[in-house]
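Here is the structure we will look at.
Protein chains: 2
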Amino acid sequence: MNAAVESYVRAEWERYVEELAALLRIPSVSVGTEHRDSIQKAADWLADRLRKAGMEHVEVIETEGNPIVYADWLHAPGKPTVLVYGHYDVQPAEAADGWDTDPFEPVVRDGNIYARGATDDKGQLIIHVNAVEALLQAEGALPVNVKFCIEGEEEISSPSLPGFLEQHADRLHADVIVISDGPMIAHGTPSICTSLRGLAGMEVRVKGPAQDLHSGLYGGGVQNPIHALTHLLASLHAKDGKVAVEGFYNGVQDLTAEEREQLRCLPSDEEQIQRELKVPALYGEEGYTFLERTTARPTLEVVSVTGGFQGSGLKPAIPTGATTKIACRLVGQQDPDAVMDAIERHLQQHCPPGVTVELIRQHGGRPYQVSADHPYLRAAAEAYGAAFGKEPVYTRSGGSIPIVEVFNRVLGVPVVMMEFGLPDENLHGPNEHFHLENLEKGMLTACRYLHRLAEEK
Amino acid sequence: MNAAVESYVRAEWERYVEELAALLRIPSVSVGTEHRDSIQKAADWLADRLRKAGMEHVEVIETEGNPIVYADWLHAPGKPTVLVYGHYDVQPAEAADGWDTDPFEPVVRDGNIYARGATDDKGQLIIHVNAVEALLQAEGALPVNVKFCIEGEEEISSPSLPGFLEQHADRLHADVIVISDGPMIAHGTPSICTSLRGLAGMEVRVKGPAQDLHSGLYGGGVQNPIHALTHLLASLHAKDGKVAVEGFYNGVQDLTAEEREQLRCLPSDEEQIQRELKVPALYGEEGYTFLERTTARPTLEVVSVTGGFQGSGLKPAIPTGATTKIACRLVGQQDPDAVMDAIERHLQQHCPPGVTVELIRQHGGRPYQVSADHPYLRAAAEAYGAAFGKEPVYTRSGGSIPIVEVFNRVLGVPVVMMEFGLPDENLHGPNEHFHLENLEKGMLTACRYLHRLAEEK
Numbered sequence: 001m002n003a004a005v006e007s008y009v010r011a012e013w014e015r016y017v018e019e020l021a022a023l024l025r026i027p028s029v030s031v032g033t034e035h036r037d038s039i040q041k042a043a044d045w046l047a048d049r050l051r052k053a054g055m056e057h058v059e060v061i062e063t064e065g066n067p068i069v070y071a072d073w074l075h076a077p078g079k080p081t082v083l084v085y086g087h088y089d090v091q092p093a094e095a096a097d098g099w100d101t102d103p104f105e106p107v108v109r110d111g112n113i114y115a116r117g118a119t120d121d122k123g124q125l126i127i128h129v130n131a132v133e134a135l136l137q138a139e140g141a142l143p144v145n146v147k148f149c150i151e152g153e154e155e156i157s158s159p160s161l162p163g164f165l166e167q168h169a170d171r172l173h174a175d176v177i178v179i180s181d182g183p184m185i186a187h188g189t190p191s192i193c194t195s196l197r198g199l200a201g202m203e204v205r206v207k208g209p210a211q212d213l214h215s216g217l218y219g220g221g222v223q224n225p226i227h228a229l230t231h232l233l234a235s236l237h238a239k240d241g242k243v244a245v246e247g248f249y250n251g252v253q254d255l256t257a258e259e260r261e262q263l264r265c266l267p268s269d270e271e272q273i274q275r276e277l278k279v280p281a282l283y284g285e286e287g288y289t290f291l292e293r294t295t296a297r298p299t300l301e302v303v304s305v306t307g308g309f310q311g312s313g314l315k316p317a318i319p320t321g322a323t324t325k326i327a328c329r330l331v332g333q334q335d336p337d338a339v340m341d342a343i344e345r346h347l348q349q350h351c352p353p354g355v356t357v358e359l360i361r362q363h364g365g366r367p368y369q370v371s372a373d374h375p376y377l378r379a380a381a382e383a384y385g386a387a388f389g390k391e392p393v394y395t396r397s398g399g400s401i402p403i404v405e406v407f408n409r410v411l412g413v414p415v416v417m418m419e420f421g422l423p424d425e426n427l428h429g430p431n432e433h434f435h436l437e438n439l440e441k442g443m444l445t446a447c448r449y450l451h452r453l454a455e456e457k
Numbered sequence: 001m002n003a004a005v006e007s008y009v010r011a012e013w014e015r016y017v018e019e020l021a022a023l024l025r026i027p028s029v030s031v032g033t034e035h036r037d038s039i040q041k042a043a044d045w046l047a048d049r050l051r052k053a054g055m056e057h058v059e060v061i062e063t064e065g066n067p068i069v070y071a072d073w074l075h076a077p078g079k080p081t082v083l084v085y086g087h088y089d090v091q092p093a094e095a096a097d098g099w100d101t102d103p104f105e106p107v108v109r110d111g112n113i114y115a116r117g118a119t120d121d122k123g124q125l126i127i128h129v130n131a132v133e134a135l136l137q138a139e140g141a142l143p144v145n146v147k148f149c150i151e152g153e154e155e156i157s158s159p160s161l162p163g164f165l166e167q168h169a170d171r172l173h174a175d176v177i178v179i180s181d182g183p184m185i186a187h188g189t190p191s192i193c194t195s196l197r198g199l200a201g202m203e204v205r206v207k208g209p210a211q212d213l214h215s216g217l218y219g220g221g222v223q224n225p226i227h228a229l230t231h232l233l234a235s236l237h238a239k240d241g242k243v244a245v246e247g248f249y250n251g252v253q254d255l256t257a258e259e260r261e262q263l264r265c266l267p268s269d270e271e272q273i274q275r276e277l278k279v280p281a282l283y284g285e286e287g288y289t290f291l292e293r294t295t296a297r298p299t300l301e302v303v304s305v306t307g308g309f310q311g312s313g314l315k316p317a318i319p320t321g322a323t324t325k326i327a328c329r330l331v332g333q334q335d336p337d338a339v340m341d342a343i344e345r346h347l348q349q350h351c352p353p354g355v356t357v358e359l360i361r362q363h364g365g366r367p368y369q370v371s372a373d374h375p376y377l378r379a380a381a382e383a384y385g386a387a388f389g390k391e392p393v394y395t396r397s398g399g400s401i402p403i404v405e406v407f408n409r410v411l412g413v414p415v416v417m418m419e420f421g422l423p424d425e426n427l428h429g430p431n432e433h434f435h436l437e438n439l440e441k442g443m444l445t446a447c448r449y450l451h452r453l454a455e456e457k
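Going down the list, the sequences are from chains A and B. Mind the numbering: the first sequence is residues 1 to 457 in my numbering, read in order. Mind the numbering: the second sequence is residues 1 to 457 in my numbering, read in order.
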């Protein structure tokens, strides 16, 4: 890679930030249906941006859900082909959730850009678009073949993407897949993630009386669906923090001494995490560290619960039902369907008298692991080392990108998780932001990586 | 009472129904703050109606909360004074909750009038207004002195009324208080309620991390406030349906054999109740019948629970907190404050690690009991017998009108619960209605009662 690329990146810096702000201004929330127009707008914006970057065959492809943006540049015969995946959809965000500024009006402050989607995933995704533009402008060509596949349903577990991959397997064929959609281990320390937890997402509905009942006239005489639901939910965990569902841990292998040692070497300050979260104590499965609990052990989290009158004031009525949503993170060989089977059995077996319970399956994604010794991962490590001045460490992520496992399974090639976010950038929370220093270092890493890959074939 | 009253009631029937519909059309919901204008409108409507009925000193009196409508007619020197209490506020209602017609657009069908507030309490309250009008028009005078005190905060546990009663004790002084705000035991069988359960209403908040956390990156490593809340709520009841809070049953005396026998004589078909509610089974404290559980035993009902993302779709985030509202029904000598103390202690003692819990007291009302042998109750029994052609039975209500106990305590006189609703009129639920036959029989009962009371002094 010649110095012209670095010069180009620095010369175009202000435009890059403005363009990222323009993309962040589009509230492309995929949860719910209120933001359909913005989803389309974000897809069109990206297609336009990819064309300007010099990519070819740019297309916004309709699916049964949100559209997928495809583009390629295939003028490096005999060289490897890289498929870059990213997502333009974002989590919901309301100013009232604790944002200091409007979540969809980006603000640059103290070297960060604040907006929903800044780090997850618009800021990280745009790095690769800018990188190919810089290489094409500064060097006239890309060192390898590059494809983009950018979806709009990652935050709702990518229902359309697996079918899309199978349908377009030839067009999407590549030697390696690159995804930048997570945090580095720490500021200044690049990292490559070698494992992701899987996800099983479901809704549980408890049904009771046919209509709301006055709690005075019926209270004590019928099963209250909220009581039944809380009883069921409380039964899902044992006192030691383990999941108390029979069969839940099938496919989970305990950490080896070597794996525990690797995790122990990673920076993780439990006291600092506790201070930042302002909780009286951290909590989790007995016998494991915070890092083990959140990256290498499976979990079952109740992420929402709703029952009874939701307005202000006390409406003393027993509701007809109560609902909850559960998100499990899976590891090893855990199978999302088998986990949901186990939970469904548990709920039916523990259902209190006087109500019925039903489980509705929403999302499933398997866990994923890749070896740090793979040549394409070693190439990424070298690119990071050059751009950041520091060798990356290898990490496990507690999060789920179910699509990583799908890419690996459907296209049969390794996935390199090349992350440029930071752990404190509040993805999914208020005041989400992205460290602009990593926008620049990310572009340089991405450019170097494409050059380094060209040596592999 | 002469025949002219009955003739007058029958001649004015259509107007009475139209007037009730006009009152029901005003959505005077007291829960929340959205319906302030309608609260004022309902109070003004009633004041106007009382003036037209011939009542004097009619006044809409401001309080710190919703206004109270006062009126009197005091031209029966030497005769008893009756204070009629009612409430013009109603429970929330949305067409989407399962209403067949708009809850605030009354419809007459099959002898019932359907609308929110039809039986609770506008339909029952208006009976007394129509009765004094009929007596004044047909006989030129009332047989006793009559006062009205109609509030607009009953559905939010009457926060302003106790202070109002103490402040205006002289003006409100009476020999007996009459309240029509509940159901008769069955269609065609009048009943007089001799006991009400008390109420303790509270909100419980569990607080966890300072911000919403991605369930992948933090799941398994921090206490989830929803888990903590469901654990706490599940701990409130034992397997036998009893409340598992130490001290909760203080002041509760078990039913005597005689009391159980009295309850056994009342009509109560548990199979029919189960069929109507469409539940797989009834459920409650072991060793008690449905009627005992819902009228003579105390209960703790969780009436709402809220935590996590409430929109459609799965947002896999651990929320900062979770909240719940609890309504306890109290009997015997249970004290609402002592009950809330006991629950607060229980919650603190059972609070899981990693979160904090807080209890906010919202409402309190003591249980109330009166003897069926009281002359003013016997007078009511005779009036019912004449109007309905059937002697009333004496019942216990599982509901709470905390203000009944307050009236009794502050004004020091008995409260007669003269009920004209029916048990299946869906108060607090969708398709609330009022049986119009009882509007007519109620007016005749109320007229006869005033005549009968005149004989007591």
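Ideal Cβ positions, reconstructed from N, Cα and C, are used throughout, including at glycine.
Per DSSP, the bridge partner or partners of residue i
i, result
"A/Ser-397", "A/Leu-196"
"B/Cys-328", "B/Ala-200, B/Leu-300"
"B/Leu-433", "Note on residue identity: the sequence assigns His, not Leu, to residue 433 of chain B. In DSSP, B/His-433 forms a bridge with B/Tyr-114."
"A/Ile-68", "A/Ile-61"
"A/Leu-83", "A/Lys-147, A/Ile-177"
"A/Glu-271", "DSSP lists no partner for A/Glu-271."
"A/Trp-45", "A/Trp-45 is not bridged to any residue."
"A/Ser-191", "A/Val-393"
"A/Val-416", "A/Val-178"
Top-ranked residue by Cα proximity to residue i, from the options
i, options, result
"A/Lys-441", "A/Asn-130, A/Ala-95, A/Leu-50", "A/Asn-130"
"A/Leu-217", "B/Arg-25, B/Ser-397, B/Ala-446", "B/Ser-397"
"A/Val-206", "A/Cys-193, A/Pro-143, A/His-227", "A/His-227"
"A/Glu-18", "A/Ala-169, A/Val-29, A/Ala-118, A/Ala-76", "A/Ala-118"
"A/Pro-183", "A/Ala-454, A/His-451, A/Leu-439", "A/Leu-439"
"A/Gly-429", "B/Leu-196, B/Val-84, B/His-214, B/His-231", "B/His-214"
"A/Ala-11", "A/Pro-352, A/Pro-336, A/Gln-137", "A/Gln-137"
"A/Gln-253", "A/Ile-156, A/Val-331, A/Arg-361, A/Lys-239", "A/Val-331"
"A/Ala-93", "B/Ala-317, B/Glu-437, B/Leu-46, B/Thr-81", "B/Ala-317"
"A/Thr-189", "A/Pro-392, A/Val-144, A/Lys-41", "A/Pro-392"
"B/Pro-159", "B/His-75, B/Leu-199, B/Asn-145, B/Ser-191", "B/Leu-199"
For residue j and residue i, believed in contact at Cβ under 8 Å, the rounded distance
i, j, result
"A/Leu-314", "B/Lys-390", "Between B/Lys-390 and A/Leu-314 the Cβ distance is about 37 Å, and since that is not below 8 Å, they are no contact."
"B/Phe-309", "B/Ile-113", "Rounded, the Cβ-Cβ distance is 40 Å, inconsistent with contact."
"A/Val-355", "A/Gly-208", "5 Å"
"B/Leu-282", "B/Ala-379", "Contact doesn't hold; Cβ gap of about 37 Å is too wide."
"A/Lys-147", "A/Ala-169", "With 8 Å as the limit, A/Lys-147 and A/Ala-169 do not qualify as a contact, their Cβ atoms being about 12 Å apart."
"A/Ile-26", "A/Trp-45", "6 Å"
Residue i versus residue j - alpha carbon distance
i, j, result
"A/Gly-219", "B/Ala-134", "39 Å"
"B/Glu-382", "A/Pro-225", "42 Å"
"B/Thr-256", "B/Asn-250", "17 Å"
"A/Glu-261", "A/Leu-291", "12 Å"
"A/Gln-91", "A/Glu-419", "19 Å"
"B/Ala-96", "B/Asp-110", "23 Å"
"A/Arg-197", "A/Gly-287", "19 Å"
"B/Trp-73", "B/Leu-422", "30 Å"
"B/Ser-400", "A/Ile-343", "40 Å"
"A/Val-415", "A/Ile-185", "18 Å"
"A/Leu-263", "A/Val-176", "26 Å"
"B/Gln-124", "A/Thr-323", "36 Å"
Review point. Which whole runs of the alpha helix (DSSP H) in the stretch 193-263 of chain A are 4 residues long or more, in chain order?
Key: 225-234
Point to revise | Complete alpha helix (DSSP H) runs within the stretch 336-373 of chain A (minimum length 4 residues, chain order) | key: 336-350
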